[in-house]
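Q: In UniProt numbering, the protein residues as written are 1 to 194. Where a beta carbon is used, it is the ideal one built from N, C-alpha and C, also for glycine. Here's a structure for you.
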């Protein structure tokens, strides 16, 4: 059990460091230091940084699935579920202003590096896009559901990027309000979408 606990601590530290510093600039030594392990003990658990990255991606996917499941369980109204997604910008505002969106920054960095795990990281966006599309479909948006989901995902990423750039909490609040207004204009009565 101790080895599993150590491995979990390594992945948690790597996840945090990849988010705060970026994947490319985070070294084995940085991660080992964060969990107070010698490099030899560290290599017992992970031989390459890509192995750690793969596990970080899987953990992020599992955490996001749990979040989406919790929203599905807590709220029966799909419009309010979508508002939960939008409001995540407020809930995580401090971290987003400091480091950007954990999904967007990782996917962007791996794309720039043309990294082999870029497609795996993209599953994070696919998870959100699919979930949003399902919510719009439940609101009766039919064939427009995919486009609406992608529009909202794009807009939330833009807000996260600009929040990180300008570090303006008022901007984030205004944009969240604007996205909720947009949502309500797109779905005025849950039977029509444009």
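1. Would you check if there are 3 or more beta carbon pairs closer than 8 Å linking the segment 66-83 to the segment 32-43?
2. Tell me the residue span of the alpha helix (DSSP H) that contains residue 59.
3. Decide yes or no for the touch test of the segment 40-54 against the segment 149-156: beta carbon pairs closer than 8 Å, at least 3 of them.
4. Would you kindly check if the distance between the Cβ of residue 59 and the Cβ of residue 103 is under 7 Å?
5. Would you mind reading off the limits of the alpha helix (DSSP H) that contains residue 114?
6. If we call anything under 7 Å between Cβ atoms a contact, is residue 172 one with residue 178?
7. To the nearest angstrom, how far is it from the Cα of residue 14 to the Cα of residue 135?
8. Between residue 131 and residue 72, what straight-line distance do the alpha-carbon atoms span, to the nearest angstrom?
9. For residue 100, does the count of other Cβ atoms within 10 angstroms reach 16, so buried, or fall short, so exposed?
10. Give the DSSP-derived three-state secondary structure of residue 36 in the structure shown.
11. In or out: residue 181 buried (at least 16 other Cβ within 10 Å) or exposed?
12. In the structure shown, what three-state DSSP assignment does residue 120 receive?
13. Whose CA, out of 21, 184 and 29, lies closest to the CA of residue 105?
A: On the basis of the supplied data:
1. no
2. 49-74
3. no
4. no
5. For residue 114, no alpha helix (DSSP H) segment is defined, and its DSSP state is neither H nor E.
6. no
7. Taking the straight line from one Cα to the other gives about 32 Å.
8. So the two alpha carbons sit approximately 10 Å from each other.
9. Per the 10 Å Cβ criterion, buried.
10. coil
11. exposed
12. helix
13. 21
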